[in-house]
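J.: Starting off with a structure, shown below.
In this note's numbering, the protein residues as written are 131 to 443.
Set out below in structure tokens:
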């Protein structure tokens, strides 16, 4: 269960008083309302490249809102999820998402175009009303704290888990269709993966029909036959076990080369921390296969620390 609780046990469930919400978030009601009415002034917005020729607008909460959003995210993330959800939850990740599928099955993938910018305030509000059973004034206040310009902001801690609750009815309908067809479904934010003999183009056509009913658009369809290796949310599934994709592995070793050739100890330390995280991630996909690289990094990191300390002797 990873510490998850039923929805009805959540402190957000049947929350009928704005004052109680303010107490829950450790603010006075006047301060909370002032923050909620701040709109775009609560955010730092900037463009970020997501690939060749692709730019995404990032909407990052400023410190006061970020603190409140982080508290709300902890409350939302404690709620018991459906088995198919693998994002925004403790103990779940892109790795558990991929490993939920049998590499010997047919696999189909599809995701939602511009999901956060298209995730409407109306669906977030309805989630707080219908799913969480909040009063309208509490639901409205929560929406002001978690949406920007009528949609979920791309940089807020709450957006990942709220995107699920806002469109829970849609995702549940797609999961019901999957079960009806003997297909396994998993979900990472807006990235849906399906495996089974019936994970076909006809099946995805039905999925797209459900998505369309909710005012969203599905795209990036991809299919893998049973004999093929399957790239699923950053993990390559093979008959001999999960593997780190070539692109990610090549980037890892490029970073190792950068670390080894960097002369400044402070920058080397920063690179070492980044590499430690990448190696730990790779070891989750391929347990033990990156232990030698981990030891190699530790040896050279220790040498960096020794040389840095020697400057102060």
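Don't be surprised by glycine CBs; every beta carbon is placed ideally from N, CA and C.
Enumerated in chain order, which unbroken segments of the alpha helix (DSSP H) with a length of 4 residues or greater are wholly contained in the region 248-316?
T.: Qualifying alpha helix (DSSP H) stretches, in chain order: 251-256, 266-276, 289-296, 298-310.
J.: Quick one: any contact between the region 311-330 and the region 235-247, if contact means 3 or more CB pairs under 8 Å?
T.: Because the criterion of three Cβ pairs below 8 Å is met, the region 311-330 and the region 235-247 touch.
J.: In three-state terms, what does DSSP make of residue 355?
T.: DSSP places residue 355 in coil when its eight states are reduced to three.
J.: Apart from the five residues on each side of it in sequence, which residues of its chain come closer than 6 Å, Cβ to Cβ, to residue 372?
T.: If we look at residue 372 and ignore the five residues flanking it on each side, its Cβ neighbours are 365, 415.
J.: Using DSSP's beta-bridge definition, name the partner residues of residue 188.
T.: DSSP, once it has assigned bridges, lists 176 as partnering residue 188.
J.: Please check the pair residue 257 and residue 329, which I expect to be a contact at CB under 8 Å, by giving their CB distance rounded to whole angstroms.
T.: At roughly 28 Å, the Cβ-Cβ gap does not stay under 8 Å, so residue 257 and residue 329 are not in contact.
J.: Out of 388, 145, 377, 398, state which residue places its alpha-carbon closest to the alpha-carbon of residue 265.
T.: Nearest of 388, 145, 377, 398 to residue 265, Cα basis: 145.
J.: Could you work out which residue in 186, 392, 151, 213 is closest to residue 298 when comparing CA atoms only?
T.: Comparing Cα-Cα distances from residue 298 to each of 186, 392, 151, 213, the minimum goes to 213.
J.: Go ahead and label residue 443 buried or exposed: buried means 16 or more other beta carbons lie within 10 angstroms of its beta carbon, across all protein chains shown.
T.: Annotation note: pLDDT 36 at residue 443 (below 50); position unreliable, coordinate value reported separately. Answer is exposed; the Cβ neighbour count stays below 16.
J.: By DSSP, does residue 327 sit in helix, in strand, or in coil?
T.: The answer is coil: DSSP assigns residue 327 none of H, G, I, E or B.
J.: Taking one C-beta from the region 275-294 and one from the region 194-209 each time, how about it: are there three or more such pairs within less than 8 Å?
T.: Touching, per the Cβ criterion.
J.: Starting from the C-beta of residue 259, find all residues in its chain whose C-beta is less than 8 Å away, skip the five residues before and the five after it, and write them out in chain order.
T.: The answer, listed in chain order, is 266, 269.
J.: Measure from the alpha carbon of residue 362 to the alpha carbon of each residue in 232, 180, 220, then state which is nearest.
T.: Among 232, 180, 220, the Cα nearest to that of residue 362 belongs to 232.
J.: Among the candidates 349, 149, 140, whose CA atom is the shortest distance from the CA of residue 335?
T.: Comparing Cα-Cα distances from residue 335 to each of 349, 149, 140, the minimum goes to 349.
J.: Please classify residue 158 as buried or exposed, where buried requires at least 16 neighbouring CB atoms within 10 angstroms.
T.: Classification for residue 158: exposed.
J.: Go ahead and pull the three-state DSSP assignment for residue 372.
T.: Strand.
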